[in-house]
Amino acid sequence: MWRHHELRPSYDVVIIGAGVHGLAAAYCLGREHGLRKIALVDKNYLGAGASGRNTAILRSNYRTLEGIPFYDASLKLYERLSLELEWNLLFSQCGHLTLAHSDSSVTGLRVRAENNQLLGVNSRMIDVPEIGELVPTMNRSRDARYPILAALYHPPGGIIRHDAVVWGYARACDRMGVEIHPYTEVTGITVEKGRATRVLTNRGEISAGSILNTTAGWSSTISKMAGIALPIVTHPLQACVTEPLKPFLNVVIVSATLHVYISQTDKGELVIGAEIDPYQSYCMKGTLPTLEQMATYTLELFPQLHGIRILRQWAGICDMTPDFAPIIGVSPEVSNFYMDVGWGTYGFKAAPISGKCMAELIATGKPPKLIEPFSPTRFGSGNLLGEKAAAAVSH
Ligand code: PYC
1239 MWRHHELRPS
1249 YDVVIIGAGV
1259 HGLAAAYCLG
1269 REHGLRKIAL
1279 VDKNYLGAGA
1289 SGRNTAILRS
1299 NYRTLEGIPF
1309 YDASLKLYER
1319 LSLELEWNLL
1329 FSQCGHLTLA
1339 HSDSSVTGLR
1349 VRAENNQLLG
1359 VNSRMIDVPE
1369 IGELVPTMNR
1379 SRDARYPILA
1389 ALYHPPGGII
1399 RHDAVVWGYA
1409 RACDRMGVEI
1419 HPYTEVTGIT
1429 VEKGRATRVL
1439 TNRGEISAGS
1449 ILNTTAGWSS
1459 TISKMAGIAL
1469 PIVTHPLQAC
1479 VTEPLKPFLN
1489 VVIVSATLHV
1499 YISQTDKGEL
1509 VIGAEIDPYQ
1519 SYCMKGTLPT
1529 LEQMATYTLE
1539 LFPQLHGIRI
1549 LRQWAGICDM
1559 TPDFAPIIGV
1569 SPEVSNFYMD
1579 VGWGTYGFKA
1589 APISGKCMAE
1599 LIATGKPPKL
1609 IEPFSPTRFG
1619 SGNLLGEKAA
1629 AAVSH
């Protein structure tokens, strides 16, 4: 799939973090801008971080006028990515349902539906009978602890095979001559006269024309090596997968009130996710209380699932920003240090468009319009965004 290389002494671009964001940026730098002297370095195996730990949900039903077009561009790139990479990513556009269990969440989801429609994204509010047509197996009783009142329906949303996305991009990068260096941990970054000149790793030193930080979970620690402070806090986010069941759920279900989201894979397993852990940590282990919560909330929606077995539980770590929007752009302090970080719980779905935009920015020096609102300078100027209301579950 990709070859082993010795580290060369210098590259045009060194990308730190070989998850989907780093891979997508390397792929676009090569494919769209003709750059080849690119090294992707990662302290672990490919997909060991957030790229292989998310619940693989794709959607563009966001809340803000900045976020909606961005995630929608990403979804459209995902729609043709299997063809482009010649690698089946098992993207199933089965649809995405965000449930409302209170009047205030109906109002909030209505705003999202209207903003989505205004910007050409296929989303609409649906009532309980229509929810029943889409998910006849879900408990829609008025006697439930939190009865379902309505839902935001987003037909183009769905699930994909996240490992396949990593492998597909990695294979395409390798074919172009981009070097992928797993197990290559960055231990320092040298900055001279406002430019990052060298990346120090456990396998030696590399000089770099440009450096791109695409790490998730460690983005603030990597940026700090270049002397850049980021307004990020890092929290674990847990998920689990059940034994395979006969197909009964062909839409992604999200309930912010119940703090749970559920989908069924092609193999029949249920993938279930929680809200972020309430404390900051870099730990990627699951905990029993969160597993119990995920099980309890799933049973509120699907009581018939009692007794099914959990196969695995895990955590990924998420870099949370104050406005639930990413930090994308060049550092105002270090002129050749680029960042595509701070994705919170939204990163996986944004990878194709972030990679494209970062590649354009690095290759041309001009930020594409789509990423301008996410600039690292917005915290200083007070132009924060407000994407929290689009979170799958409340945080
Ligand atoms: O934003 O769809 C989402 C999501 C699901 C799990 C984590 N984030």
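Take 1239 as the starting number for the sequence shown in our numbering and just add one per residue. Where a beta carbon is used, it is the ideal one built from N, C-alpha and C, also for glycine.
Which same chain residues end up closer than 7 Å to residue 1351 when comparing Cβ atoms and leaving out the 5 residues on each side of it in sequence? 1361, 1362, 1363, 1390
Helix, strand or coil for residue 1578? Go by DSSP, reduced to three states. strand
Cβ of residue 1608 less than 8 Å from any chain D Cβ? Here there is only one protein chain, and chain D is not present.
With DSSP as the reference, label residue 1600 as helix, strand or coil. helix
Give the single residue among 1631, 1585, 1604 whose Cα lies nearest to the Cα of residue 1305. 1585
Give me the DSSP bridge partner(s) of residue 1443. 1438
Quick check: the Cα distance between residue 1510 and residue 1587, rounded to an integer number of angstroms? 17 Å
To the nearest angstrom, how far is the alpha carbon of residue 1272 from that of residue 1543? 52 Å
Residues of its chain near residue 1278, where Cβ-Cβ distance is below 6 Å and the 5 sequence neighbours each way are ignored: 1253, 1256, 1260, 1264, 1418
Member of 1496, 1570, 1614, 1276 whose CA lies at the smallest distance from the CA of residue 1561: 1614
For residue 1497, is the classification buried or exposed, using 16 other Cβ atoms within 10 angstroms of its Cβ as the cut-off for buried? buried
Could you compute how far the alpha carbon of residue 1489 sits from the alpha carbon of residue 1617? 37 Å
Under 7 Å from any heavy atom of the ligand PYC, does the C-beta of residue 1583 make it? yes
Rounded to the nearest angstrom, what separates residue 1369 and residue 1333 at their Cα positions? 12 Å
Cβ-based neighbour list, residue 1696, same chain, cut-off 6 Å, excluding 5 preceding and 5 following: In the structure as shown, the chain begins at 1239 and stops at 1633. Residue 1696 is therefore absent and cannot be evaluated.
In whole angstroms, give me the CA-to-CA distance for residue 1317 and residue 1381. 39 Å
Rounded to the nearest angstrom, what separates residue 1525 and residue 1535 at their Cα positions? 16 Å
Between residue 1249 and the ligand PYC, is there a pair consisting of the residue's CB and a ligand heavy atom that are separated by less than 7 Å? no
Specify, as a first and last residue, the run of the beta strand (DSSP E) that residue 1534 falls within. Residue 1534 -> not in any beta strand (DSSP E); alpha helix (DSSP H) instead, spanning 1526-1539.
Kindly list the residues whose CB is nearer than 6 Å to the CB of residue 1375, restricted to its own chain and excluding five residues on each side of it in sequence; keep chain order. 1486
Quick one: what's got a C-beta closer than 7 Å to residue 1400's C-beta in the same chain, skipping five residues either side? 1289, 1290, 1292, 1294, 1586
Between the CA atoms of residue 1249 and residue 1411 - distance to the nearest angstrom: 15 Å
Could you check whether residue 1441 and residue 1428 sit closer than 8 Å to each other, using their CB atoms as the reference points? no
Kindly examine the ligand ATP and report whether one of its heavy atoms sits closer than 7 Å to the Cβ of residue 1328. For the ligand ATP, the structure offers nothing, since it holds only the ligand PYC.
Compare the beta carbon distance of residue 1581 and residue 1454 with 8 Å and say whether it is the shorter of the two. yes
Who are the near neighbours of residue 1323 in its chain, counting only those whose CB is closer than 6 Å to its CB and skipping five residues on each side? 1406, 1410
Which residues DSSP lists as bridging residue 1386, in chain order: In the DSSP output, where bridge partners are listed per residue, residue 1386 has none listed.
With distance defined between alpha-carbon atoms, name the residue in 1576, 1609, 1258, 1468 nearest to residue 1557. 1468
Note down, in chain order, each residue of its chain lying with its Cβ closer than 6 Å to the Cβ of residue 1416, except the 5 sequence neighbours on either side. 1264, 1268, 1276
Should residue 1502 go down as buried or exposed, given a rule of 16 or more other Cβ atoms within 10 Å for buried? buried
Can you tell which of 1578, 1571, 1340 has the C-alpha that lies nearest to the C-alpha of residue 1466? 1571
What's the gap between the Cα of residue 1493 and the Cα of residue 1240? 39 Å
Return yes when the Cβ of residue 1446 is within less than 8 Å of the Cβ of residue 1434, no when it is not. yes
Helix or strand or just coil, what does DSSP make of residue 1249? strand
Identify which residue in 1274, 1478, 1335 has its Cα closest to the Cα of residue 1548. 1478
Measuring CB to CB, does residue 1319 end up less than 8 Å from residue 1590? yes
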